[in-house]
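For reference, the structure is listed below as C-alpha cells.
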Amino acid sequence: MTNLPTGLKYAESHEWADLDEQNIVKVGITDHAQEELGDLVFIELPEIGNRVSAGEQCAVVESVKAASDIYSPVSGVIVEVNGALLDSPEKVNDDAFSAWLFSVKIDNADELEKLMDADGYNAMINA
Amino acid sequence: MESNARMVEFAGYEMPVHFQSGIIKEHCHTRAHAGLFDISHMGQIRVSGDNVGTSLDRLVPGDISNLQLNRQRYTWLTNDQGGVIDDCMITNRGDHLLIVANASRKKHVLNHLKANLIECSIAELKDRALLALQGPKASKVIERFVPKAKHLPFMSSASSSIQGADCIMNRCGYTGEDGYEIMVHSDQVEEIARLFIAQKEVEPIGLGARDSLRLEAGLCLYGHDIDENTSPIEAGLDWVIAKKYLGRNAQPAIFPGANKILRDIRERPVCKRVGLVSEGRIPVREGAQLFNKAGDIVGRVTSGGFGPTVNSPVAMGYLNTKFAQPGTLLDAMVRNRLHPISVVNLPFVPHHYHK
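Chain order of the listed sequences is G and L.
According to this note's numbering, the stretch in the first sequence is residues 1 to 127, in order.
According to this note's numbering, the stretch in the second sequence is residues 1001 to 1355, in order.
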C-alpha cells in the first residue's frame, strides 16, 4: 500500500481534497477507492458553475461492473473539470492522487477541518 | 487467494470478480492468448436409464434421443408457459447423459428432473470440479498435456488424463473463443489449475471478465437475458428447437410449453433480443428503458456493461420487433437522461469456435 499524500484532506466517502491559496479545492478519489471500483470506463463530471454542498452527490464514475456516486467534500461552486478524464478514465486507476476530477471555489476554508487527515483516513480504511 | 483476487458472493459461492490484473486486462488476455476460469460452482448432473435420451425429450426441445455419442448440445429445460427453467449443455457420455446447469439454478434443475423423470437415475456429481480454458492459444496449451485434444471437434467430449489425473475434455465455452471445459475430480483440480496457470499463455480470469466476454459474444445469462418468462423464439434462439418438430412431417413435441413455442415460431413474437451499442461512453445497464425518437418506451436492457474488445459500452435487451432492425436509432434512459443508442447484430465480436 503506497503512502497516502499527507498534504490532502480525506472524506469518509473516499474523495481527497487539495486546497490551493486562492480558495480553490481540487477533488479526486483515493487509490483505495479506485482499487475497490476496478477498471473505470466512464466518468460523469459536474457542470461548471453548479453550486455543491459538502456531502452532496455531484459526479459519477462507471467501472466495468457498476456506477458509483462521487460526493463533493466541500461546499462552493464548480470552477473547473478535468476534461482529459472523459477520453481516458483509466488515468484515475493509474494514479488516483494525480487524476483530479473537478475543482470547487469554496466559501469557507474552515470546512476542510471537518475532513480527515492522512492518518485518520488510513485508520479508517485499515479498520 | 494467493493471486490477490477480489472476491464476491455468487449463488452461494465465494468467487473471484477479478485477479490482480483487473477485468479489462483479463478480458483482453483471453481473446489474445488463453484464460483459465474456475467454474466448479456450476452443477454437473448425471442422468441414466433405459432410453434416457427419449426421457430427456420430454423436457427439452433439443432432440436428445438423437444426440450422438460424445456429442454435446446446448438446450433449454422449458416450463409449461414455454419459458426457461434453465439453459444447459447436455452431453451423451454413452452410459449416461451429463447435464451442466447454472449454479443459481442447480436446485431447480434437480427438482425438475427428479419430479418428471421418475424412470431415470439422477445424481449431482458433487465431487467433480470444472475448469474452462478459453482463447486462441487454448488448444496449443492443452496439446502439451493431451495431444489428441487439439483435434476434438467443437461441441464434443472425450475422456482423457492430464498428468495422471482423469478428466473429461469438452470443446465448448462461454466466451465466443475456441476453448475447452475440463471436468476433473475436486481433489485434483487445484493441481491441474496450477499446471495451466504455469503455462506462459495462461492467466487466471475472474467472473467480471467472464461476464464481459460472454456479453460481447452475444450469449445469454440466465436470470438476466432469459428466465422463466422468456420464449426461446423471443431470445432469437429458434435453432434450439430441433428440426424434427418443424415442417410438414413434424413429429409431436411433448416438452413443456411446446405448443406456445411452436406458435411463436409460426406467428413471430412481439419482441425480440437485440444487441445495442451506445453512441457515447456511458454504459447502459440491465433495467434501463429504451425509447424510440418519438419518446415511446419500446424495450428494456437485460444485460449491459463495457466491452473491452470493442472498446465501447455494449448491451443486450428486448425490443418491440418494429424497432428491432439493426441500424435503428433509439435512446436509453440512464440516470434520468436520454442517451443515443443503436441496434446492432449480435455478436459484437465474431465467434472463433473450432471448425
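Yeah, the Cβ is synthetic: ideal placement off N, Cα and C, and Gly gets one too.
Count the other CB atoms, across all protein chains shown, that sit within 10 Å of the CB of residue i; report buried if there are 16 or more and exposed otherwise.
{"i": "L:Met1183", "result": "buried"}
{"i": "G:Ile48", "result": "exposed"}
{"i": "L:Ser1161", "result": "exposed"}
{"i": "L:Trp1239", "result": "exposed"}
{"i": "L:Asn1336", "result": "exposed"}
{"i": "L:Ala1034", "result": "buried"}
{"i": "L:Gly1299", "result": "buried"}
{"i": "L:Val1301", "result": "buried"}
{"i": "G:Thr6", "result": "exposed"}
{"i": "G:Met1", "result": "Unreliable placement is indicated for G:Met1, whose pLDDT of 49 sits below 50; the coordinate value is still reported in the next sentence. Its Cβ having fewer than 16 others within 10 Å, G:Met1 is exposed."}
{"i": "G:Glu12", "result": "exposed"}
{"i": "G:Met124", "result": "exposed"}
{"i": "L:Asp1166", "result": "exposed"}
{"i": "L:Asn1311", "result": "exposed"}
{"i": "L:His1151", "result": "exposed"}
{"i": "L:Asp1038", "result": "buried"}
{"i": "G:Glu15", "result": "buried"}
{"i": "G:Ser98", "result": "exposed"}
{"i": "G:Asp119", "result": "exposed"}
{"i": "L:Val1270", "result": "exposed"}
Can you pull the chain G neighbours of residue i, defined as C-beta to C-beta under 7 Å?
{"i": "L:His1339", "result": "The contacting residues do not exist; L:His1339 stays about 11 Å from chain G at best."}
{"i": "L:Phe1306", "result": "Val41 and Val64"}
{"i": "L:Pro1283", "result": "Val41, Phe42 and Glu62"}
{"i": "L:Ser1212", "result": "Val64"}
Can you round the beta-carbon distance between residue i and residue j to whole angstroms, since I take them to be within the 8 Å contact cut?
{"i": "L:Ala1103", "j": "L:Gly1043", "result": "7 Å"}
{"i": "G:Val60", "j": "G:Ser53", "result": "Actually they are not in contact, since the Cβ atoms of G:Val60 and G:Ser53 sit about 17 Å apart, beyond 8 Å."}
{"i": "L:Leu1290", "j": "L:Leu1330", "result": "5 Å"}
{"i": "L:Leu1319", "j": "L:Gly1218", "result": "Contact doesn't hold; Cβ gap of about 15 Å is too wide."}
{"i": "G:Ser72", "j": "G:Glu62", "result": "Not quite, the Cβ-Cβ distance comes to about 18 Å (not below 8 Å), so this is no contact."}
{"i": "L:Leu1059", "j": "L:Pro1256", "result": "7 Å"}
{"i": "L:Val1141", "j": "L:His1096", "result": "That pair is no contact at about 29 Å."}
{"i": "G:Leu40", "j": "G:Val92", "result": "5 Å"}
{"i": "L:Asp1086", "j": "L:Tyr1222", "result": "6 Å"}
{"i": "L:Gly1179", "j": "L:Gly1135", "result": "6 Å"}
{"i": "L:Ile1024", "j": "L:Pro1313", "result": "Rounded, the Cβ-Cβ distance is 13 Å, inconsistent with contact."}
So what's residue i in DSSP terms, helix, strand or just coil?
{"i": "L:Leu1346", "result": "coil"}
{"i": "L:Glu1190", "result": "helix"}
{"i": "L:Cys1220", "result": "coil"}
{"i": "G:Asp119", "result": "helix"}
{"i": "G:Phe97", "result": "coil"}
{"i": "G:Leu112", "result": "helix"}
{"i": "L:Ile1039", "result": "coil"}
{"i": "G:Leu86", "result": "helix"}
{"i": "G:Asp69", "result": "strand"}
{"i": "G:Met1", "result": "Reliability of the predicted coordinates at G:Met1 is poor, the pLDDT of 49 falling under 50, and the value obtained from them is presented with this limitation in mind. In this structure, G:Met1 counts as coil in the three-state DSSP scheme."}
{"i": "L:Phe1255", "result": "coil"}
{"i": "L:Asn1004", "result": "coil"}
{"i": "L:Phe1196", "result": "helix"}
{"i": "L:Ser1048", "result": "strand"}
{"i": "G:Glu12", "result": "coil"}
{"i": "G:Lys26", "result": "strand"}
{"i": "L:Ala1011", "result": "coil"}
{"i": "G:Asp39", "result": "coil"}
{"i": "L:Arg1214", "result": "helix"}
{"i": "G:Ser63", "result": "strand"}
List, in order along the chain, the chain L residues whose C-beta lies closer than 8 Å to that of residue i?
{"i": "G:Val60", "result": "Arg1335"}
Anything in chain G within Cβ reach of residue i, meaning under 9 Å, just list it in chain order.
{"i": "L:Ile1023", "result": "Gly38, Asp39, Ser63, Val64 and Lys65"}
Name the chain G residues whose beta carbon is nearer than 8 Å to that of residue i?
{"i": "L:Gly1208", "result": "Gly38, Val64 and Lys65"}
{"i": "L:His1018", "result": "Gly38"}
Problem - Sequence ranges, beta strand (DSSP E) only - wholly within the segment 1264–1337 of chain L, length at least 3 - result: Segments of the beta strand (DSSP E) lying fully in the segment 1264–1337 of chain L: 1271–1278, 1289–1291, 1297–1307, 1312–1320 and 1329–1334.
| task | Identify every run of the alpha helix (DSSP H) within the segment 1085–1118 of chain L, keeping only runs that are complete inside it and at least 4 residues long; order them along the chain. | result | List check, alpha helix (DSSP H) in window: 1106–1116.
- Message: Extract the residue ranges of the beta strand (DSSP E) inside the segment 1113–1181 of chain L, only unbroken runs of 3 or more that lie entirely within it.
- Response: 1121–1124, 1128–1134, 1157–1162 and 1165–1170
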